[in-house]
Each structure stands twice: as structure tokens, then as C-alpha cells.
Amino acid sequence: MTTPQLRLYNTLTRSKEVFVPIDEKNVRMYVCGPTVYDFAHIGNARPVIVFDVLYRLLRHLYGKDHVKYVRNITDVDDKINARAAERGISIRDLTEGTNRIFQEDVKALGCLEPDVQPRATEHIAEMIAIMQKLIEAGHAYAAEGHVLFAVPSMADYGRLSRRPLDEMIAGARVEVAPYKRSDMDFVLWKPSRDNEPGWDSPWGRGRPGWHIECSAMSWKHLGETFDIHGGGIDLVFPHHENEIAQSRCAFGHDVMANVWMHNGFLQVEGEKMSKSLGNFVTINELLHTDKFGGRSWPGEVLRLAMLKTHYRQPIDWTVKALEEAEKTIKEWRRLLRGASRSNAKPSENFIAALSDDLNTHAAVTEIHKLAVASKSPSGEPYDRQTEMVGCLEIIGFDEFLKELPDQDDVTSDIRKSISEVGAPKAGIDLKKAGQLITARLEARKAKNFAESDRIRDDLLAMGIQLKDAKDPVTGELTTTWEVKR
RNA sequence: GGCCUCGUGGCGGAAUGGCUACGCAGAGGACUGCAAAUCCUUGUAUGGGGGUUCGAUUCCCUCCGAGGCCUCCA
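Residue numbers (the numbering used here): 261 to 745.
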């Protein structure tokens, strides 16, 4: 079997490179997960979806049992402390509750669970071990209950973000704590007051800095070096730069991860998303409220809208784009009516598109092409359908595929449409609608148009729009329908 | 100020040293008892100026424009 060549853009080298796993029986990827202090917003969803697709692609290429995906949960952080105090609840309650919602949100977006979702608070021992190694090696020092990383001790610090060390020192403008040896040194450990969460350590009771968590968790679950490290582009500096510094200096390797991947940012309707602009929107709100565009959106629509833009490009999150994505999904659902899920296999072009630095847009284009081919009366539409199913599995439309309408199941189709429209239309009596549709089809076949039009009007009043068709093979009259907004 | 992206048709958005995908919208046609839907066909684009080249949207320079990071925000 020939494994298609996977090429990924590596921020370290600023170029696309052929991906060669350290161990192709154990391909390892780490992605920075959420800090669980509040609902995840739609920008947070981007890396989750993007790297979910990469995870699925890697599993396809290397085998399900040969890929390990780790996405952490940051459950210790000063923002968490502040938020818990604000709301008058315990830190534990806040992080547990927030994480639960995050998991639900992400599942609704069609993302697989990573193999491991480690929590920062459960890796304090590993953090302490790394800090001790760093201190022994002269890359870190303790001062006034803090542990700091000595940035000047690392000759090629700044390689990922391409910031020369000397310039950074010259340009530092943050007020410098007196215990820092160099302006650039960053915190690995800091002391906690009695009312702050803290753990015992050789340097007293304290809590970890942000960056050390990821070094500890990736080490524990993936080893000293691994294949892919992902996250948002804003994490390049300082977070990922500092992770690299910690892990490389602690373990003495030239690299921490071989490939560093970063997704671009998201804007909302052409503007930066921010609470002050009032365009801040969470995944939960998109899924369950009418805050964005006056309606709620199915997870699969959000997912497709996200994948229509290459992950490194900035993406503009608009109502129009969501509507377009929904239209596409409806079209796919129609074309795949009655399609079988067994023996589904993605087309070669599709895998080639994804293998080119995760070009999800080109991959979606390939699905469109298969859709067109499946419409053609000549040829083998069922093969094209099967390939479409295979493609959709890889980009994570499992739930969508599970709910494909049967060729002749009246109510399942109506039910699906209703779930898309949301609660307001849910008052429709499915059984009655099904009976009416059947009766109307009979009347129409008998050319009793007065009766059939009357029923059609009744159904429209209920919000059900009929669409007549003729079976291309048998010439038999048929009817499909959708729920109108 | 430093570093880094990006400017492709009405909109979204890929790719490429030679013919610029795909989707949406638009237009035309077919089908249909009518409506809706569906099917077929189709117009329209590489920000400005230089350079390299037989040839540039693609490579280089420059100008204009948009955005990001440098502030524990994906």
C-alpha cells in the first residue's frame, strides 16, 4: 500500500514539509486546549475543529491505533481564580462546569475526543520535575518563592517566533520584577497566598505558570519529543516559544515537536471579535440561542463553515457564510438519501487535498465534484455516493451520516428538517403530516388537482413545503418536502 | 518601532511560470397540470508601478491597502 505523502506547514521553518513521523506506529500530536474559566467562543472552536480533521486524517493514513492525540485542559489559572471569586463558587465547581460545557460544545461540532485530555492540576509532580531539571542544568533559578526560566541561558531562544534574543531584551517594556535576573525571564512557578490554590513544592506553596503546564503534560503523555504541536497563531509567542525553551532545555533535545502548526484568527462580520464590540459569540450561543443571525445553527453547519477556509487563513465568521454552508449540507443530504455507509472510502483526490497541508477547502470542492458526478445519469452514482460518504467521514460528519434520510421514510426527513429549524416549528404533527402527504400524492396521481392543491396549501400553512419530482427511471410521481422557515 | 501574514469575479474561496478551480448569488434553457424543487448551459476576477522571463496572477523590488503578534486572547 502506498501512503499518500502528507505535507504540513511548519511554523518553525515557515514552509511546507513532508511529514515523517518519529514512529509511524505511534504518531503523536499535542494541541493546546482551553482554559476553563468561561464558555468557549467560536474562535476557540477553530483549532479544535482543524486539529480534529488532522487527527482523523492521521488515523486514516497511519491506522486508528497508531495515532495519539493529546489536548490539555488548563484548570489552574489566575483568570479562573478571579472568575470563581466573582461568581462566589469554588474553583473546582467552575472548572468542572466549564469543562463539561466545553466537551458538549465540541461534541456537537462533530469532534472526536482526543485520546487523552490531561488536566494541569493533575500534573504538578511532572512540572516540579521539569523545573528541578532546569535548575540543575542552569536554565532556571529560584527567587523569592518563584522559579524563573533564565532566557539568556538558551542560545537559540526565539527561533519559533523569529525574535532575536538581543532585540527582545532591548525592547522589553514590561515592568520588571526585582527578583528577575533578566527582563525576559518568565515565570515557571509562583507563590500562592492562603486564599489562592497552591501545591507544596521545593520552593514553598505555590502554583505553576502558564507555559510549564504544557511542557509537563506533553512530556507525560507523548514523551520528550513528539511529532506535531498545534494551537492558535497567537500562541506562537510567548506560549509556544516558552514551552520549547522549557522542554528542550530540560530534556536536552534540539526540538520539542518536529512540526508546529498554527491556525489563523477568526473575525466576526469583518471585525475583531471582542466583548466591547458586542460581537463576541460562544459556541454554545450559536448552537442553542438565536443570538447570531436570529436563529440557532446545527453543529455540522458550524463545522462546514469553519472548514471552508484554509486553517492558516484568517476567517470571517458571517451569517451569510453559515447560510451557505447550511445550503450545501442540505444538498448533500438530498443526494445521499438512502446511501449506504458500509464500504465507504474517500476518493484519492480528497485525500490528496487534505494531505496538502490540510487543504479542507479543496477537499470540500472534491466532495462537490463527486456530488455532481453522482447526479449524472450515466456512470456509477452509487460509487460516487460511497466515496462522498467516505470523504464526509474523514472531515467529521459522522452524525450527519448517521441521520441520512431513508429513501422512503416520510417522517424521518420531516423530523430532521424540524431539528434544523429549531423549537418554534416543532409543533408539527408528524404523523398527520405524513398521512396528508401520502393522500395528496394519491390525489395527484389521480389528477385530482383541486384536492391535491388543497392539501398542499394545508401543509404549507403548517410550514411544510412540498417538492414534486418524477422518478427518472420508472417515471413514477414522487414527493419530497422540507420545513420552511 | 520590530516581526509576520494577506490583497483573485457580485460574494465566499482554492490553485498555478503558459488554458484561473469550486460553491453561493445572477442569467438563459429544460422539465412540470400549476407552485416549489430538480436538471442542463452560461457571463464576470488575480490592488497600482517596475523588474526577471519567450511568457507572471504565480518569482524579485516598490507603492497603496487590510490584518495579526510583540500585553498568560485560539
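In this text, a Cβ means the ideal position worked out from N, Cα and C, and glycines have one as well.
Best match in the options for proximity to residue i [C-alpha to C-alpha]
| i | options | result |
| --- | --- | --- |
| L314 | P378, K328 and T698 | K328 |
| T381 | E373, V447 and N332 | N332 |
| D617 | V291, L317 and K285 | L317 |
| N523 | T620, I715, F511 and H481 | T620 |
| R716 | K705, I697, K707 and E702 | I697 |
| T355 | V310, F299 and K551 | F299 |
| D283 | E386, L482 and V308 | L482 |
| G418 | R441, R343 and E501 | E501 |
| I472 | Y290, D550, A437 and V447 | V447 |
| H790 | E484, H628 and G405 | What is shown of the chain runs 261 to 745, which leaves residue 790 out entirely. |
| A604 | L652, W592, L268 and S615 | L652 |
| S442 | A400, G559 and E663 | A400 |
| Q527 | N539, P378 and W520 | N539 |
| M521 | T549, H548, D550 and Q573 | Q573 |
| P281 | E742, V366, R267 and I384 | R267 |
| L614 | I575, I654, V743 and D576 | I654 |
| E456 | A345, M516 and P438 | A345 |
Beta-carbon spacing of residue i, residue j below 8 Å
| i | j | result |
| --- | --- | --- |
| D445 | C371 | no |
| F497 | S421 | yes |
| L737 | D728 | yes |
| N341 | I349 | no |
| E608 | L630 | no |
| C509 | A397 | yes |
| T578 | E529 | yes |
| V376 | V330 | yes |
| T271 | V296 | no |
| H301 | I543 | yes |
| R306 | M566 | yes |
| R563 | G466 | no |
| R601 | V649 | yes |
| V291 | L369 | no |
| H406 | K450 | yes |
| A693 | I724 | yes |
| P665 | R555 | no |
| E560 | E659 | yes |
| P468 | V336 | yes |
| P374 | K480 | no |
| W470 | H499 | yes |
| L547 | D325 | no |
| L568 | V519 | Rather than Leu, the amino acid found at residue 568 in this sequence is Lys. Result no, Cβ atoms of K568 and V519 do not sit closer than 8 Å. |
| L690 | T739 | no |
| W459 | I384 | yes |
One or two residues paired with residue i in a DSSP bridge
| i | result |
| --- | --- |
| W741 | L726 |
| K328 | R288 |
| R379 | I333 |
| I488 | M289 and V519 |
| S275 | N270 |
| Q363 | DSSP, once it has assigned bridges, lists no residue as partnering Q363. |
| R467 | K450 |
| T542 | H301 |
| T295 | T334 |
| W557 | Beta-bridge pairing links W557 to no other residue. |
| W459 | G466 |
| D616 | R267 |
| K440 | K440 is not bridged to any residue. |
| K532 | Q527 |
Any non-hydrogen atom of the ligand ZN within 7 Å of residue i CB
| i | result |
| --- | --- |
| E583 | As far as ligands go, the structure on display features none, and thus does not contain the ligand ZN. |
Give the list of continuous beta strand (DSSP E) stretches no shorter than 3 residues that lie fully inside the segment 561 to 612. Qualifying beta strand (DSSP E) stretches, in chain order: 575 to 577.
Should the segment 389 to 407 be called in touch with the segment 466 to 480, which here means at least 3 C-beta pairs below 8 Å? yes
Would you call the segment 597 to 614 in contact with the segment 579 to 586, where contact means no fewer than 3 C-beta pairs closer than 8 Å? no
I'd like to know if the segment 397 to 414 and the segment 499 to 513 are in contact, where contact means that at least 3 CB-CB pairs between them fall below 8 Å. yes
Answer yes if the segment 527 to 547 comes into contact with the segment 485 to 493, meaning at least three C-beta pairs across the two stretches below 8 Å, and no otherwise. no
Residue ranges of each alpha helix (DSSP H) within the segment 369 to 424, 4 or longer: Within the segment 369 to 424, complete alpha helix (DSSP H) segments of at least 4 residues are found at 384 to 396, given in chain order.
Runs of 4 residues minimum, wholly inside the segment 684 to 708: which ones carry the alpha helix (DSSP H) assignment? 690 to 705
Would the segment 356 to 365 and the segment 318 to 325 be scored as touching if the rule is three or more Cβ pairs under 8 Å? no
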